[in-house]
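In what follows, a structure is listed as structure tokens, so that the remarks can point back to it.
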Amino acid sequence: MIMVDNLDIDGKSFQGLKVELKGLPPLVLIEGDKGFVMCGYLNIDAAESLGATAAVVSGVSSWEDVLNAQIKTATSKAKAMGLEPGKVVRDVIAALA
């Protein structure tokens with residue numbers, strides 16, 4: 055099943071995507087106008103080479119989990135916007151709106 059929803063996070067608009075995968079953890083992503091935060095399925099090296107503003111979290115299965123997770127790694131563009139490893143997504147996601 056694929057779920058897409060508009061998310062209001064602290065008054066800012068984001069799009070949430072969740073893909074249920076049979077027998078595996080779901081793929082979960084929150085996207086803003088300037089970039090996205092995604093579960094560990096994201097290949098950060100590919101995102102970097104494509105010039106994406108992206109951060110990775112792990113151990114998540116919902117959009118709320120993503121917001122409460124610490125960033126594990128991020129592209130250079132995301133780091134420049136304050137999405138640095140160790141920061142909680144909810145505290146820095148406004149930069150992606």
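All letters in the sequence shown, in the order written, are residues 55 to 151 by the working numbering. For every residue, glycine included, the Cβ atom is placed at its ideal position computed from N, Cα and C.
**Nonlocal neighbours in the same chain, by C-beta distance under 8 Å from residue 56, ignoring five residues either side** = Your numbering for residue 56 matches position 2 in the sequence shown. These residues qualify, in order along the chain: 71, 72, 73, 74.
**Request:** Might you give, ordered along the chain, the residues of its own chain that have their beta carbon closer than 6 Å to the beta carbon of residue 68, omitting 5 neighbours on each side?
**Result:** Mapped onto the sequence shown, residue 68 falls at position 14. Excluding five sequence positions before and after residue 68, the CB atoms of its chain that fall closer than 6 Å to its own CB belong to 61, 84, 86, given in chain order.
**Ordered list of beta strand (DSSP E) runs contained in the segment 57-97, each at least 3 residues** = For secondary structure counted as the beta strand (DSSP E) over 3 or more consecutive residues, the segment 57-97 holds these complete runs in sequence order: 66-75, 78-86, 89-92.
**Neighbourhood of residue 115 by C-beta, 8 Å cutoff - its chain only, sequence neighbours within 5 removed** = Along the sequence shown, one-based indexing puts residue 115 at 61. Cβ within range, chain order: 79, 80, 82.
**Message:** Is the beta carbon of residue 124 closer than 8 Å to that of residue 105?
**Reply:** As a working note, residue 105 is residue 51 in the sequence shown. As a working note, residue 124 is residue 70 in the sequence shown. No, Cβ-Cβ distance for residue 105 and residue 124 is not below 8 Å.
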